[in-house]
Amino acid sequence: MKSSLLALSLSFLFFALLTKPLSGRPDPLLDHNGDEVEAGRAYYIVSSIRGGGGGGLTLSLNRNGSCPLDVTQHSLDILRGYPMFFFPTNYSSENRGHVHESMNVNILFIANIISCNEPMVWKVDNYDEKRGAWFITTNGVLGNPGPQTLQNWFKFVKADIGDSYKIVHCPSDVSGSTVNYAVMLGSILWKMHVVWL
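If you count by mature numbering (1 follows the signal peptide of the UniProt record, and there is no 0), then the sequence shown holds residues -24 to -1, 1 to 173, one letter each, in order.
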């Protein structure tokens, strides 16, 4: 009896090891089809709450009515916003790879907005004392991980609800320096939708 119990326990352990990667690498980020999100490929980010969560992410003039642009959300579900690319710290055109949960990425809108002649890369803007909040804006720096670009790195973190993610700014392994704050893009849960360009 003890030997069959041991064999059964070992087979469960073996099965558990087979179903979970041994590398310790985070799970891949999945789009709404369940496919792995590819670095350097266009995606829309839309609310995972259909019928009440609002539309996709877009750009608006900032709180002062000027540039850089603020990352905002459409109020209507039917509006998908602008497509965007995700670029991990180790991205190169030869080594595209996939995006994983909790991986530092730059997020770049694919938008040709002439009113602000600036990069469409996301960054965390300075803390807005008047509104008591951090805002996500454009005019970030693509690539170049280091202390000067900490405000340009974001992560997708698995949410507790369904196949959704939270977008957070809490860079790690970018410069070796520690960051003592984290910024989340609203309280909305997001899903990635593939865009074929």
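We put the beta carbon where it would ideally sit given N, CA and C, even for glycine.
query                                                                                                   : result
Top-ranked residue by Cα proximity to C146, from G116, E105, V81                                        : V81
Sufficient close CB pairs (3 or more, under 8 Å) joining the segment 59 to 78 to the segment 105 to 114 : no
Which of helix, strand or coil DSSP assigns to L118                                                     : coil
Where the beta strand (DSSP E) containing Y19 begins and where it ends                                  : 19 to 23
Per-residue DSSP class, three states only, for T65                                                      : coil
Helix, strand or coil at N128 [DSSP, three-state]                                                       : helix
Reference H8; option with closest CA among G16, E70, I21                                                : I21
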